Amino acid sequence: MNRPQGLLLTAWIMVALLVAGWLRSFYRVPTHFAYQHPQWHLFNTVVFVVLRIIAFVCIVYYARGRNWARIAVLLTSVLMILGLLQLRHEDSLGKVMGAASGLLAVFLLYWLNTRSVREFFKRGASAIEHA
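Final position of the sequence shown in the numbering used here is 1223; the numbers increase by one with none missing.
Okay, here's the thing in structure tokens:
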């Protein structure tokens, strides 16, 4: 089965937003997020690195056509839309990145539930491997 048009593009957009978010985390530390205890900084850094590595793995398997990765992207899209509620607390860069993520999330919620894309993910991984 042929890969749906736009699958790799959406995967690369997700990677770009993920890397931009990672770089932005080094940009500034909000005052309300300042650490009273250094061990919390290490803990949060490790947790965020692990979560971003998991996100990269999901994007790779999403691009390969795994259905579980499609479901993970759908769930993350719902979270990104809910994250739009906090945009008023962000600086301009955060608002732009949040809006871009929200637009991508709305698109992915629609597009990943279209019949042809769903069929690709349900049969696509095995069809791509055997081709």
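The beta carbon of each residue, even a glycine, is placed where N, CA and C say it ideally should be.
Just so it is clear, the structure is predicted and the values come from calculations on it, not from any experiment.
Checking 8 Å against the spacing of the C-beta atoms, do residue i and residue j come in under that value?
{"i": "Ala1112", "j": "Met1189", "result": "yes"}
{"i": "Phe1148", "j": "Ser1117", "result": "no"}
{"i": "Val1107", "j": "Ile1151", "result": "yes"}
{"i": "Leu1099", "j": "Ala1191", "result": "no"}
{"i": "Leu1179", "j": "Lys1187", "result": "yes"}
{"i": "Leu1204", "j": "Ile1105", "result": "no"}
{"i": "Leu1177", "j": "Gly1194", "result": "no"}
{"i": "Pro1096", "j": "Ser1208", "result": "yes"}
Any idea what DSSP makes of residue i, helix, strand or coil?
{"i": "Gln1097", "result": "coil"}
{"i": "Leu1134", "result": "helix"}
{"i": "Arg1162", "result": "helix"}
{"i": "Leu1204", "result": "coil"}
{"i": "Ala1223", "result": "In this predicted model, Ala1223 has a pLDDT of only 49, less than 50, meaning its place in the structure is not dependable; the value taken from the coordinates is given anyway. Three-state DSSP puts Ala1223 in coil, outside helix and strand."}
{"i": "Glu1211", "result": "helix"}
{"i": "Gly1157", "result": "coil"}
Which residue wins for smallest C-alpha separation from residue i, given the options the options?
{"i": "Leu1166", "options": "Leu1115, Arg1116, Tyr1119 and Thr1206", "result": "Thr1206"}
{"i": "Leu1143", "options": "Ser1169, Gly1157 and Trp1114", "result": "Trp1114"}
{"i": "Trp1160", "options": "Phe1199, Arg1210, Trp1104 and Ile1105", "result": "Arg1210"}
{"i": "Arg1158", "options": "Gln1131, Tyr1119, Phe1212 and Leu1200", "result": "Phe1212"}
{"i": "Asp1183", "options": "Tyr1202, Tyr1119, Val1138 and Trp1203", "result": "Tyr1119"}
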